[in-house]
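Anchor point for the sequence shown: position 164 equals 164 in full-length UniProt numbering, and the numbering is continuous, going up by one each time. Encoded as structure tokens, the structure appears first; notes follow it.
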Amino acid sequence: VDFCSFAGNRSPLFEMSSPLSKPQVIAHIQKSLNYTVFDSKWIPCSAKFVCLGNFPRGTGVIQIYELQHGEAQLIKEVEKPKPLKCGTFGATSLQQRHLATGDFDGNLNIWNLESPEVPVYTAKAHKEIVNSIDGVGGLGIGDGAPEIVTGSRDGTVKVWDPRQKDLPVANMEPVEGETKRDCWTVAFGHAFNDQDRCVCAGYDNGDIKLFDLRNMSLRWETNIKNGVCCVEFDRKDIDMNKLVATSLEGKFHVFDMRTQHPVKGFASVSEKVSNLGKDFDSNYGTNHKSSL
């Protein structure tokens, strides 16, 4: 994970100048770490960020950094029994700024980063690793109750209310006899009022499924032929507009969620990322490095 900024110049004066005619990614800060980083998140309304991962000895770690004088300064580190795979601030308030995480043992934990030694909420969410997590209803984004969604290798997608202990408020799993696919990514969307809310999930076989939480039904599904690394709505707190899905082999797909054909599904465009230079990894969504 690097601190980067994106720069570009679309002025006609620079169209013929190759260094300035294309968007550029500029690394501001790099830092070597002694563990594998699986996720990093900005702490809302602060100059701090949190990194999650695992040490070579098999334990997990939460590190909190702060930007000071152009450097990333480590201000807190806490080791955990299990490696941490993913995290979100999406279901917390701006006052609390609690971090929800999923780990390799299938646990969902919520941490107060002021005292992260013991979780303020914990649940055995899945039988296997929690690959992805997202939140809604917190940080002033999205109407309705704060909720957390988790996706796991066990093939299930579960929605959690932090105010309710142990049991999920929704559980989307394959029917009996159906093959369970590894869920790689989940995302909330369509939370524009107190009743409507959707969850999108992507799987290792290329399946994308859109679940309607209001009607507790499968609203739409498709297959993009390659494992789905990430799905995300352009905004969580509006009537569904755009959905982007990235996959293995460097492909990305953008769906127009307001233009749906009764047979062909949502209108979409697909492209393959190319011409990004020799250092670009087309499977970046599934690779991790021990650097910051």
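Yeah, the Cβ is synthetic: ideal placement off N, Cα and C, and Gly gets one too. Remember, predicted model here, so these are calculated numbers, not experimental data.
Extent of the continuous beta strand (DSSP E) run through residue i
| i | result |
| --- | --- |
| Cys-45 | Unbroken run through Cys-45: none, as it is neither H nor E. |
| Phe-192 | From DSSP, Phe-192 is part of no beta strand (DSSP E); its letter is neither H nor E. |
| Asp-134 | 130 to 136 |
| His-253 | 251 to 261 |
| Phe-266 | 265 to 272 |
| Gly-151 | 147 to 152 |
| Thr-122 | 121 to 124 |
| Lys-76 | 71 to 80 |
C-alpha gap between residue i and residue j, whole angstroms
| i | j | result |
| --- | --- | --- |
| Tyr-65 | His-261 | 47 Å |
| Val-263 | Val-199 | 21 Å |
| Leu-94 | Asp-105 | 29 Å |
Buried versus exposed, by CB contacts within 10 Å (16 or more), residue i
| i | result |
| --- | --- |
| Gly-227 | buried |
| Asp-239 | exposed |
| residue 333 | Summary: the structure shown does not reach residue 333, with the chain confined to residues 1 through 292, and so no result is reported for it. |
| Ala-27 | exposed |
| Asn-215 | exposed |
| Pro-23 | exposed |
| Asp-39 | buried |
| Gly-189 | buried |
| Arg-153 | buried |
| Asn-287 | Model confidence at Asn-287 stands at a pLDDT of 43, short of 50, so the residue's coordinates are unreliable and nothing is read from them. |
| Val-175 | exposed |
| Thr-179 | exposed |
| Val-120 | exposed |
Beta-carbon proximity list for residue i, same chain, < 7 Å, skipping 5 on both sides
| i | result |
| --- | --- |
| Gly-177 | none |
| Arg-181 | Gly-155, Tyr-203, Asp-204, Asn-205 and Asp-207 |
| Ala-47 | Glu-66 and Leu-67 |
| Cys-45 | Leu-94 |
CB-CB length for residue i against residue j, believed under 8 Å
| i | j | result |
| --- | --- | --- |
| Phe-89 | Gly-142 | The pair is not a contact, with the Cβ atoms about 13 Å apart (cut-off 8 Å). |
| Ile-129 | Ala-91 | Wrong, their Cβ atoms sit about 20 Å apart, outside the cutoff. |
| Thr-101 | Pro-83 | Contact doesn't hold; Cβ gap of about 10 Å is too wide. |
| Thr-122 | Asn-112 | Rounded, the Cβ-Cβ distance is 12 Å, inconsistent with contact. |
Proximal residues to residue i (C-beta, below 8 Å), its chain only, five neighbours per side dropped
| i | result |
| --- | --- |
| Ser-268 | His-253, Val-254, Phe-255 and Asp-256 |
| Ala-145 | Gly-137, Asp-161 and Arg-163 |
| Asn-131 | Lys-85, Cys-86, Gly-102, Gly-151, Ser-152, Arg-153, Asp-182, Cys-183, Trp-184 and Thr-185 |
Spatial neighbours of residue i in its chain, beta-carbon cut-off 6 Å, leaving aside the 5 residues before and after
| i | result |
| --- | --- |
| Thr-259 | Ala-267 |
| Asn-223 | Gly-206 and Asp-207 |
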